[in-house]
Amino acid sequence: MKFSVCRWFPALFVSTFCLLALMQYGQAAEPLEIVNLGGKFSPCGPDGPAGCEHILLRGDPRTEPSHHVYRMAKGFIFPKHWHDSAENVIVVRGTVVIGSEVGGERTLRPGDYVHITAGNVHWGQCPDQCVFYLGVEGADSFYLVEESQ
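The working numbering applies: residue 99 is where the sequence shown begins, and numbers increase by one.
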C-alpha cells in the first residue's frame, strides 16, 4: 500500500484539532474539586446583612453561573426580592420557610430542593440557623421589592 498525503491529511487535521480542543478544556478546571466547608464561611459582602455568611464554591456571580453555600443565623429574614437568573436551592441543615407570589409559602427541610424561576418575587426566613446550597443559573442580581404602605 502506497502512502498518500491526500488520504491521511483529513484524519490528521481532525485528530490534531480534537487534541487541541481537549487540551484547552482539560486545563480549564480540575477533574475533581473538593471544598472542605469547615471554617471557610465569610460575611455576605461588606454591606451584607448581619447573620448572613457564605462560601463561593465556583463561578463569578457578577458575570456567570455560580454555586454557593449559605449559613444564616436563627431568625434571619429574606425580604421580598427577585433576580434576573433562576436559582436552585437545596437545604442542608435547619429549616427554611420560603414564600412566593405565585407559589404560596412552603417549609423546606434538609434534603428539600426548590427551583425559583427568574423574575419570581420571593421571600423567606430561617426559624433556626440554616445552611443551604444555592446554584444561580446566570449572573447574580438582587432587586428588593418595595412594600406599598
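Glycine is no exception: its CB is placed at the ideal position from the N, C-alpha and C atoms.
Which residue or residues does DSSP assign as beta-bridge partners of ASN186?
-> HIS213, GLY233
Specify the secondary structure class of GLU151 as computed by DSSP and reduced to three states.
-> strand
Helix, strand or coil at CYS228 according to DSSP, with G and I counted as helix = strand
Cβ of SER183 within 8 angstroms of Cβ of GLU235?
-> yes
Where do the N-terminal and C-terminal ends of the beta strand (DSSP E) with THR205 fall, by residue?
-> 202 to 206
Quick one: grab the DSSP three-state call for PHE139.
-> coil
To the nearest angstrom, report how far apart VAL200 and ALA237 are at their CA atoms.
-> 23 angstroms
With a cut-off of 8 angstroms, do at least 3 Cβ pairs link the segment 186 to 193 to the segment 152 to 161?
-> no
Rounded to a whole number of angstroms, what is the C-alpha to C-alpha distance between VAL112 and ALA216?
-> Legend: pLDDT at VAL112 = 36, less than 50; position of this residue unreliable, no value from coordinates given.
For ALA119, does the three-state DSSP call read helix, strand or coil?
-> Low confidence applies to ALA119: its pLDDT is 37, below 50, so where it sits in the model is not reliable enough to give any reading.
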